[in-house]
Every structure is written in structure tokens, then in C-alpha cells.
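Student: For the record, in the sequence shown the residue sitting at position 362 is 362 according to full-length UniProt numbering, with numbers rising by one throughout.
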Amino acid sequence: MWRRAVTALALGTGAGWAAIATSDDPAKTLKICTHLPPRLFRDSVAAATIAFDYQYSLLGLEPDSEAWHKAKHETHLRSANRLQELCFRNGGIYIKLGQHIAQLEYVVPAEYVQTMRASMLKRCPVSSLEEVRGVFKKDIGELPETVFAEFDPVPIASASLAQVHAATTHDGKKVAVKVQHDHLTDTSVIDIATVDLVVNALHYVFPTFDYRWLVDEIRESAPKELDFLCEAQNSERCLVNFRKLSPHIANSIYIPKVYWNLSSSRILTMEYMDAKEVTDVKGIKDTGIRPVDVSNLVNKAFAEMIFKHGFVHCDPHAANMMIRPLPQDSKKWFGWKRPQLILLDHGLYKELDYSMRMNYASLWKALVLADEKAIKEYSVRLGAGDDLYALFAGVLTMKPWKSVIDPSVGHLVLDGNNTDRSEVQMYASLYLPQISELLRRLPRKILLMLKTNDCLRAVNHVLVGGSPLESFETIARTSCEALFEAKRMERTFFLHRFITWLEEVLMELRLFIFFKIAPHYYLLSN
């Protein structure tokens with residue numbers, strides 16, 4: 001393991017000198033790189049301590065015995081707390097790593113997810129006003145109090161990579177100004193190298209504990225997330241996709257306007273949004289909106305992105321979505337107002353190519369309809385393999401295999417009860433090596449879809465207590481619409497188009513029976 005540490009030290013040092021050589025301000029970057037040795041030391045100590053704790057705590061215990069499970073649970077907790085502390089001490093990319101872990105429920109041990117989820121979205125770093133002024137001076141050439149008529153020095157929100165300030169433009173418009181934490185662009189190269197040390201060291205000690213894909217994903221996504229102009233372009237592309245490809249719900253989706261003349265790669269000025277966070281159930285009800293309608297809209301929006309647009313917002317945690325009543329809307333559903341979903345933080349997007357999008361849509365269609373043969377076929381096409389397709393289906397749905405292939409109504413419904421969660425956690429613990437192997441095999445874009453699913457499940461859990469039947473109806477209908485649209489594009493001959501239309505009618509009838517009639521029959525028969 002220490003050989004890995006030396007290698008990582010060399011890589012980190014090399015990365016540091018590379019950063020110095022290519023920086024516009026070598027003196028400042030040299031100062032930043034002085035943080036490398038203490039970071040590597042902290043990483044080495046944390047990795048060695050975690051590895052030793054696992055080896056020592058489980059030594060001599062019979063695998064799968066009660067004592068072994070208890071010791072493993074306690075070791076997971078201690079190690080999660082050590083990793084949490086390391087993330088907070090190092091900051092920057094490390095907090096982004098912790099946030100990734102917090103959103104991978106049942107993919108990593110539950111103790112890690114719970115520990116990270118309880119802190120990583122709430123204890124983010126806050127830059128001082130002087131640091132904010134320094135970013136403005138370097139990027140725009142003026143101080144924020146000059147650029148804006150008013151600039152609130154106290155941030156209204158802070159995240160791993162940036163913080164947001166309220167401001168007013170000189171023409172009287174209220175805006176939200178996202179300012180990147182200083183030095184992150186320079187230190188990210190070093191941070192990724194040192195994160196690589198932790199993950200590789202743990203893999204060296206525990207070959208079945210392979211989460212190197214997580215480092216690869218951060219290495220690829222971090223530069224894009226640190227470029228706020230890229231984020232602005234993503235936001236505008238997302239809105240265009242809804243208007244062109246999903247016009248039926250385009251009015252229900254809103255993305256804040258970008259002020260390009262007041263933005264740079266580290267400063268993003270956007271329209272200020274007065275709305276409720278998506279999981280603020282009381283606030284949402286107070287505005288006259290039903291939480292179930294919010295849940296349905298969120299599910300529909302992301303189903304459209306995944307199955308039709310192929311350009312997916314991959315960080316839909318609660319802080320990145322807001323809700324307000326649909327503006328200028330006179331229609332009401334039984335006295336309730338219709339919601340409008342506001343999407344924020346467009347730094348992390350993934351583009352699914354046509355083949356992957358169609359295979360993923362086909363897989364979800366098969367999952368909802370409990371088509372065992374098709375589940376295997378499309379799981380294999382996506383990279384799970386003949387031996388792990390059932391596990392892949394379980395990770396996607398958070399259900400054991402027997403429930404996945406159960407043809408009864410609501411076989412995939414998650415009602416949030418402790419029995420459901422305990423059963424899935426048990427399976428996740430038992431099959432951790434196999435899950436690790438599955439994650440190694442799957443394309444990283446599909447891994448980000450898993451993360452997106454977990455974020456949406458967490459939001460639905462708060463809004464409606466789980467993943468209701470309506471969410472799977474949305475998935476089934478949207479995936480089928482995407483598949484039939486693809487068939488219509490491929491089949492230009494009239495007879496072929498007629499056959500496609502007939503298939504679509506029959507599928508619509510099947511979905512109507514499955515989601516509208518069968519649930520009532522099930523209730524009457526019980």
C-alpha cells in the first residue's frame with residue numbers, strides 16, 4: 001500500500017509542477033502547491049488507518065456471523081467518519097467526492113451514504129468577501145460593488161465549488177451571482193491526484209472494494225463543473241431541448257436567465273428565483289401546490305431528458321430544484337395550482353448516444369412490465385454481463401430480483417417503509433463485491449444515471465413517501481414514446497409506419513390496463 005502512496009506522491013508532485021508551469025500566476029500556484037504535502041500526508045494516514053481498521057476489526061471473526069456483521073457495521077461507521085473529516089479538512093474536490101458518495105445509496109455501504117448525506121450538503125465551505133472580491137477583480141476587472149448597484153456580502157447559499165450572493169444590477173434587476181471558491185481551478189489537479197491515492201490504497205488492500213471509477217468520473221467532470229460558461233451553455237441547451245423535443249411540458253420547466261455580460265468562467269450571474277426548494281413540503285403546500293403534483297412533474301421532466309433528449313442533468317438533489325406556481329396559469333386541479341419546476345446548477349450533464357438511450361429506454365420498459373427476457377437482453381447490452389444482469393436490475397429499481405420479475409401491479413413501488421429499505425440494505429451488504437464488479441463494468445454514463453435515479457428517489461421519498469406507481473407509469477410511457485419515435489424515424493415505408501402505429505396503440509392499451517384498471521381490480525380483490 002505504501003508503494004501506492006509513493007506513486008501517488010510522485011503523481012501529485014508532478015501534477016503540482018505542471019500546474020505551476022502552465023499557470024498565469026506561477027508564484028500564487030507555487031504557494032497553492034505547498035498544500036500538497038500535508039494533503040498527501042492526511043490522505044495517507046486516512047487510507048492506512050481505514051485499511052488497518054478493516055483488517056484488524058474483522059480478524060479472526062467467522063464471515064457472516066453475528067459478531068462479524070456487527071464489527072463490519074461499526075468499522076464502516078468509523079471509516080465513514082474518517083473519510084468525512086478528510087473531505088472537510090481538504091475541501092474543494094474532496095467535498096464533491098463526499099457528495100457523490102452521499103448519492104450512491106445501496107451502491108456503497110449504507111453507513112457511508114448516511115454519514116455523507118447528513119453533512120456534505122450542509123457544511124460546505126464559505127469564501128470570505130475578500131476572496132470573492134479577488135475573483136471579481138481577476139475575472140471581470142472590477143469589484144462586485146462596482147459591477148452591481150447592490151451586492152450582498154453574505155452568501156445566500158454555499159456549495160462545494162461555489163457560493164451564491166444576491167445582487168441588483170444597475171438597471172434594477174435582482175440577480176443571483178454564483179462565485180467560485182478561489183484557487184479551485186488550480187488545486188483541482190492536485191486534489192484529484194490525492195483523491196486517487198485514497199481510492200487506490202483501499203483497492204490495493206481490498207481488491208473487491210473497487211471505486212476507482214468514481215475518481216475517473218470526477219477527473220472528467222471536474223473541469224467542466226469548474227467552467228461556469230460551460231454550465232451556462234448547458235442550461236440554455238436544456239431549455240431548448242424541452243421547447244423542441246418536449247413542448248407538452250415546456251411551460252412547466254423553467255431555467256433562470258443567464259446574464260452573459262456579467263459572467264465569466266468563475267462567475268455566473270443569473271436571474272434571481274423566488275421559489276421553494278423542491279423538498280420544502282410545507283412551503284409548497286402554502287403556495288397552493290400539491291406535493292404529489294411536484295413529484296409527478298419532476299419524474300416527467302427527467303424521464304423526458306433521459307429517454308428523449310439524451311442530455312441529462314446528473315445532479316438533481318433537492319438544492320438544485322425549486323418549485324413555484326405556474327405563472328399566468330388560470331387552471332387549477334381541484335383547487336390546487338399547477339407547479340413549475342426550476343432547474344438550477346447545470347454543471348454536471350451527460351450526453352447519452354442514440355444506442356445507449358434506446359437500450360436504456362428498452363431496459364426500463366422491460367423492468368416496469370416485468371419482462372425477464374428483455375431485462376436480461378438490455379442489461380447485457382448496457383454492459384452488466386450474463387452473470388450480473390439481475391443485480392443490475394436490482395440496483396436500478398432498489399428491489400430484489402423476485403420483486404423485479406413479479407408481474408403483479410406495483411411490483412417496483414417503493415413505499416419508504418423500513419422493511420423495504422432493510423431488505424435492500426441486506427442484499428447490498430451481501431453482494432458488495434459483486435456490486436463493485438458491476439460498477440467496474442458499466443459505462444460511466446450509466447453510473448451517472450444510477451446517481452440521478454438515487455437523487456430522484458430521495459426527492460420522491462420526501463414529497464410522497466417513496467416511489468409511487470405514478471412514477472413508474474411515467475417511466476413506462478416516456479420510454480415507450482421514445483422507442484416508438486425511433487421506430488417511426490427508421491420506418492419510412494407506409495406499411496411499416498402503419499405497423500408501428502398499431503404496435504403503439506396496443507402498447508397504450510396494455511399500459512392503460514396495467515396502470516389504470518389493474519390497480520382497482522387488485523384493491524377490490526383484496
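No residue lacks a Cβ here, since even glycine has one placed at the ideal position from N, Cα and C.
Might you give, ordered along the chain, the residues of its own chain that have their beta carbon closer than 7 Å to the beta carbon of D406, omitting 5 neighbours on each side?
Tutor: Only A370 meet the Cβ criterion.
Student: Could you name the residues that DSSP lists as bridge partners for I323?
Tutor: Note: I323 sits in a beta bridge opposite K276, L341.
Student: Taking the beta carbon of I306 as the centre, do at least 16 other beta carbons fall within 10 Å, making it buried, or is it exposed?
Tutor: Classification for I306: buried.
Student: Who are the near neighbours of R4 in its chain, counting only those whose CB is closer than 8 Å to its CB and skipping five residues on each side?
Tutor: Confidence at R4 is low in this model, with a pLDDT of 49, below 50, so its placement is unreliable and the value that follows should be read with caution. L197, N200, A201, Y204, listed in sequence order.
Student: Quick check on the DSSP output: what are the complete alpha helix (DSSP H) runs of length 4 or more inside the region 207-269, in order along the chain?
Tutor: List check, alpha helix (DSSP H) in window: 212-225, 228-245.
Student: Have a look at A374, L229, T194 and flag the residue whose alpha-carbon is nearest the alpha-carbon of R212.
Tutor: Comparing Cα positions, the closest option is T194.
Student: Is the beta carbon of S264 sitting closer than 8 Å to the one on F228?
Tutor: Yes, they are a contact pair.
Student: By how many angstroms is the C-alpha of G394 removed from the C-alpha of C455?
Tutor: So the two alpha carbons sit approximately 17 Å from each other.
Student: In terms of residues, what are the limits of the beta strand (DSSP E) holding Q163?
Tutor: Its beta strand (DSSP E) spans residues 162-168.
Student: Consult DSSP for L430 and reduce its assignment to one of helix, strand or coil.
Tutor: L430 falls in the helix class under three-state DSSP.
Student: Among L414, L442, P400, whose alpha-carbon lies nearest the alpha-carbon of L430?
Tutor: Minimum Cα distance to L430 is reached at P400.
Student: May I ask you to verify whether the region 113-133 touches the region 76-87, counting CB pairs closer than 8 Å and requiring at least 3?
Tutor: The answer is yes - the region 76-87 touches the region 113-133, with three or more Cβ pairs under 8 Å.
Student: For D152 and A162, which I take to be in contact (beta-carbon distance under 8 Å), what is that distance rounded to the nearest angstrom?
Tutor: No, D152 and A162 are not in contact; Cβ-Cβ is about 15 Å, not under 8 Å.
Student: Among L388, Y354, K350, which has the Cα closest to the Cα of residue 603?
Tutor: No answer is possible for residue 603: it lies beyond the span of the chain, which begins at 1 and ends at 526.
Student: Within the same chain, show all residues whose beta-carbon is closer than 6 Å to that of K337, passing over the 5 residues directly before and after it, in chain order.
Tutor: Closer than 6 Å at the Cβ level, and outside the excluded window around K337, lie G288, I289, P325.
Student: Pick out whichever of R488, A47, E85, I475 has its Cα sitting closest to the Cα of K301.
Tutor: The amino acid occupying residue 301 in the given sequence is Ala; Lys does not appear at that position. Answer by Cα proximity: I475.
Student: Please work out which residues of its chain come closer than 8 Å, Cβ to Cβ, to V108, disregarding the five sequence neighbours upstream and downstream, and give them in chain order.
Tutor: For V108, where only same-chain residues beyond five positions count, the Cβ hits under 8 Å are I101, Y211.
Student: Cα-Cα, which of M507, P125, E271, V413 is closest to G465?
Tutor: Among M507, P125, E271, V413, the Cα nearest to that of G465 is on V413.
Student: DSSP beta-bridge partners for Q180?
Tutor: Answer by DSSP bridge pairing, in chain order: A162.
Student: My output table needs one value for E62: the three-state DSSP class, helix, strand or coil.
Tutor: Coil at E62, not helix or strand.
Student: Have a look at L86 and E508 and give me their C-alpha separation to the nearest angstrom.
Tutor: Near 52 Å, if we compare the C-alpha coordinates of E508 and L86.
Student: Assuming T478 and E304 form a contact by the criterion Cβ under 8 Å, report the distance between their Cβ atoms to the nearest whole angstrom.
Tutor: Yes, T478 and E304 are in contact; Cβ-Cβ is about 6 Å, under 8 Å.
Student: Leaving aside the five residues before and after E231 along the sequence, list all residues of the same chain whose C-beta is less than 6 Å from its C-beta, in chain order.
Tutor: Same-chain partners within the cutoff: H346, G347.
Student: Take A71 as the anchor and find which of V135, E111, Q84, H317 has the nearest alpha-carbon.
Tutor: The residue with the shortest Cα to Cα distance from A71 is E111.
Student: Under three-state DSSP, which class holds F494?
Tutor: Helix, per DSSP.
Student: Can you tell me whether S128 is helix, strand or coil according to DSSP?
Tutor: Note: S128 maps to coil in three-state DSSP.
Student: Going straight from the alpha carbon of L438 to that of G383, what length do you get?
Tutor: Spanning the two alpha carbons is a distance of roughly 8 Å.
Student: By the three-class DSSP mapping on this structure, what secondary structure does H313 have?
Tutor: Strand at H313.
Student: Could you tell me the alpha carbon to alpha carbon distance between E271 and P155, rounded to whole angstroms?
Tutor: Between E271 and P155, the C-alpha separation is close to 16 Å.
Student: Using the Cβ count rule (16 or more neighbours within 10 Å means buried), how would you classify N261?
Tutor: Under this definition N261 is an exposed residue.
Student: Pick from R219, T169, D171: whose alpha carbon is nearest that of E190?
Tutor: Checking the sequence, you will find Ile at residue 190 rather than Glu. Nearest of R219, T169, D171 to I190, Cα basis: R219.
Student: What is the DSSP secondary structure of E503, reduced to helix, strand or coil?
Tutor: The answer is helix: DSSP assigns E503 an H, G or I state.
Student: Name the two residues that bound the continuous beta strand (DSSP E) containing E351.
Tutor: Counting along the chain, the beta strand (DSSP E) containing E351 begins and ends at 349-351.
Student: On the three-state DSSP scale, how would you describe K173?
Tutor: In this structure, K173 counts as coil in the three-state DSSP scheme.
Student: I'd like to confirm the pairing. Which residues does DSSP put opposite V292 in its beta bridges?
Tutor: None, per the DSSP bridge assignment.
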